[in-house]
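K.L.:
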Amino acid sequence: HATEGPGGGVIQGSASEAVLVAVLAAREQAVVKYRELHPELSDSEIRGKLIAYSSDQSNSCIEKAGVIAAMPIKLLPAGEDLILRGEALKKAIEEDVQDGCIPVICIATLGTTGTCAYDDIESLATVCEDHNVWLHVDAAYAGGAFALDECADLRRGIDRVDSLNFNLHKFMLVNFDCSAMWLKDANKVVDSFNVDRIYLKHKYEGQSQIPDFRHWQIPLGRRFRALKVWITFRTLGAEGLRAHVRKHISLAEQFEKLVKDDKRFELVAPRALGLVCFRPKGDNEITAQLLQ
Ligand code: PLP
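If you want this note's numbering, it's the 1-based position in the sequence shown plus 85.
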């Protein structure tokens with residue numbers, strides 16, 4: 086909110102809410118745009134054509150957002166390395182456009198729940214730009230590591246996305262619930278969600294320096310989550326938070342070494358940040374037993 090641009094940040098309760106807000110806003114923007122092109126179609130006819138995309142590795146909340154928004158979300162196959170790339174998205178979009186569908190949004194993940202894989206934001210952004218599709222990044226877990234210079238690679242392409250969320254209640258030590266959401270153009274959310282009543286009017290309305298966050302979220306009222314963010318930041322400082330994330334990474338490196346040195350176990354995916362995916366060698370039943 087410090088610049089003249091239309092971008093902005095808001096604290097949501099959870100990654101699920103942030104994703105839902107992005108999906109709903111993208112849906113409403115698509116309806117408005119398509120209505121101008123095809124005035125002969127009703128809004129419900131347009132809504133029936135809308136389609137969204139994510140990877141088959143994305144968190145369950147993405148699929149849930151599709152259910153709530155009544156918009157099918159195609160879970161595209163990630164590569165063998167569990168990364169979603171522009172190629173798969175391009176193929177799906179081209180097929181769907183051919184079938185008369187309207188592509189609306191792609192939700193990529195930086196740090197998937199299963200293996201902490203990072204979708205290829207650069208190639209996805211290129212496809213989204215070509216097809217006028219909203220690109221949202223769910224960085225619920227990994228987003229906290231964006232603060233580290235040595236993890237700068239994770240941020241590649243992020244300047245090209247339309248919206249992003251990461252959970253301060255994960256890596257950033259803020260207690261549940263606290264999910265930061267950033268939007269390249271907050272007006273797109275505000276215009277989609279703006280429903281006014283006489284009792285909601287106030288004298289600061291329309292001033293960009295004083296955003297009306299009720300238009301950026303599902304509920305009307307808001308908790309004062311900024312206070313606990315402020316306290317955490319003041320108590321630990323930026324360096325303290327970075328040290329915390331680095332400690333997680335170094336513990337995971339130690340654990341990865343233990344797994345590698347132990348003949349009974351094997352890694353399932355490369356270690357990423359604080360996540361080591363491993364299993365006992367042999368039949369899957371042994372893994373199930375260990376999990377139990
Ligand atoms: N997205 C990813 C990548 C996650 O790992 C998780 C939770 O583990 C979520 C979303 C859901 O987070 P929340 O409980 O804040 O909705």
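The C-beta atom is built at its ideal place from N, Cα and C for all residues, glycine as well.
1) Is C362 near the ligand PLP - that is, is its Cβ less than 8 angstroms away from at least one heavy atom of it?
2) I'd like the span of the alpha helix (DSSP H) that includes L160, first residue to last.
3) Quick one: measure Cβ to Cβ for Q142 and A202, integer angstroms, because I've assumed they're closer than 8 angstroms.
4) Relative to the ligand PLP, is the shortest distance from any of its heavy atoms to the C-beta of N144 smaller than 8 angstroms?
5) For the region 199-258, which segments carrying the beta strand (DSSP E) assignment without a break, of at least 3 residues, lie completely within its bounds, in sequence order?
6) Taking one C-beta from the region 110-117 and one from the region 189-196 each time, how about it: are there three or more such pairs within less than 8 angstroms?
7) To the nearest angstrom, how far is the alpha carbon of I96 from that of C186?
8) Hey, is H333 close to the ligand PLP, as in C-beta under 8 angstroms from one of its heavy atoms?
9) Could you give the DSSP three-state label for T317: helix, strand or coil?
10) Just checking A100 against the ligand PLP - is the residue's beta carbon closer than 8 angstroms to any of the ligand's heavy atoms?
11) At a cut of 8 angstroms, does the region 213-228 reach the region 239-252 through at least three beta carbon pairs?
12) Mark Y284 as exposed unless 16 or more other C-beta atoms lie within 10 angstroms of its C-beta, in which case mark it buried.
13) What whole-angstrom Cβ distance do H333 and L358 have, given they're in contact under 8 angstroms?
14) Mind checking whether the beta-carbon of Y226 lies closer than 8 angstroms to any heavy atom of the ligand PLP?
15) Which class does I136 belong to by DSSP, given the choice of helix, strand or coil?
16) How long is the line joining the alpha carbons of E235 and E370, rounded to whole angstroms?
17) Shorter than 8 angstroms, the distance from the beta carbon of H254 to the closest heavy atom of the ligand PLP, or not?
18) Give the secondary structure of Q183 by DSSP, where H, G and I count as helix, E and B as strand, and everything else as coil.
19) With hydrogens ignored, establish whether the beta-carbon of V104 is closer than 8 angstroms to any heavy atom of the ligand PLP.
20) Please list the terminal residues of the continuous alpha helix (DSSP H) segment that includes V275.
21) From the DSSP output, which residues share a beta bridge with Q97?
22) At a cut-off of 8 angstroms, would you count S140 as near the ligand PLP, judging by its Cβ distance to the nearest heavy atom?
23) Please state whether DSSP places R364 in a helix, a strand or coil.
24) Here's a check: name, in chain order, each residue in its chain whose Cβ is nearer than 7 angstroms to the Cβ of A265, leaving out the five neighbours to either side.
25) Suppose contacts are defined by Cβ-Cβ distances below 9 angstroms. Is A323 in contact with P296 by that definition?
26) Work out the CA separation of S139 and S99 for me, nearest whole Å.
27) Measure the C-alpha to C-alpha separation of W267 and K149 and round it to an integer number of angstroms.
28) With a Cβ-Cβ cutoff of 9 angstroms, do L160 and L209 count as a contact?
29) To the nearest angstrom, how far is it from the Cα of P162 to the Cα of L169?
30) Hey, is D204 close to the ligand PLP, as in C-beta under 8 angstroms from one of its heavy atoms?
P.N.:
In this structure, then:
1) It does not: the Cβ of C362 is nowhere closer than 8 angstroms to a heavy atom of the ligand PLP.
2) Annotation: L160 is outside any alpha helix (DSSP H); the continuous beta strand (DSSP E) that includes it extends over I158 to L161.
3) Yes, Q142 and A202 are in contact; Cβ-Cβ is about 6 angstroms, under 8 angstroms.
4) Yes, the Cβ of N144 comes within 8 angstroms of a heavy atom of the ligand PLP.
5) Taking only runs of at least 3 residues, the beta strand (DSSP E) segments lying wholly in the region 199-258 are 219-223 and 248-252.
6) Touching, per the Cβ criterion.
7) In this structure, the straight-line span from the alpha carbon of I96 to that of C186 is close to 33 angstroms.
8) Every heavy atom of the ligand PLP is 8 angstroms or more from the Cβ of H333, so no.
9) In the three-state reduction of the DSSP assignment, T317 falls in the helix class, which pools H, G and I.
10) Yes, since a heavy atom of the ligand PLP falls inside the 8 angstroms radius drawn around the Cβ of A100.
11) Three or more Cβ pairs closer than 8 angstroms define a contact, and the region 213-228 meets that threshold against the region 239-252.
12) With fewer than 16 other CB atoms across the displayed protein chains lying within 10 angstroms of its CB, Y284 is exposed.
13) H333 to L358, Cβ: 7 angstroms. Contact.
14) Under cutoff, so the answer is yes.
15) Three-state DSSP puts I136 in a strand.
16) CA-to-CA, the gap between E235 and E370 works out to about 38 angstroms.
17) At least one heavy atom of the ligand PLP sits closer than 8 angstroms to the Cβ of H254.
18) Note: Q183 maps to helix in three-state DSSP.
19) Yes, since a heavy atom of the ligand PLP falls inside the 8 angstroms radius drawn around the Cβ of V104.
20) For V275, the enclosing alpha helix (DSSP H) starts and ends at N272 to F278.
21) DSSP lists S264 as partners of Q97.
22) Checking the Cβ of S140 against the ligand PLP gives no.
23) Secondary structure at R364: strand, using DSSP grouped into helix, strand and coil.
24) Excluding residues up to 5 positions away in sequence, G94, I96, N250, F251 and L253 lie with their Cβ nearer than 7 angstroms to the Cβ of A265 in the same chain.
25) Against a cut-off of 9 angstroms, the Cβ pair of P296 and A323 comes out as no contact.
26) The alpha-carbon separation between S99 and S139 amounts to approximately 18 angstroms.
27) One Cα belongs to W267, the other to K149, and the distance between them is close to 21 angstroms.
28) Result no, Cβ atoms of L160 and L209 do not sit closer than 9 angstroms.
29) Between the C-alpha atoms of P162 and L169 there is a straight-line separation of about 7 angstroms.
30) No, the beta carbon of D204 sits no closer than 8 angstroms to any heavy atom of the ligand PLP.
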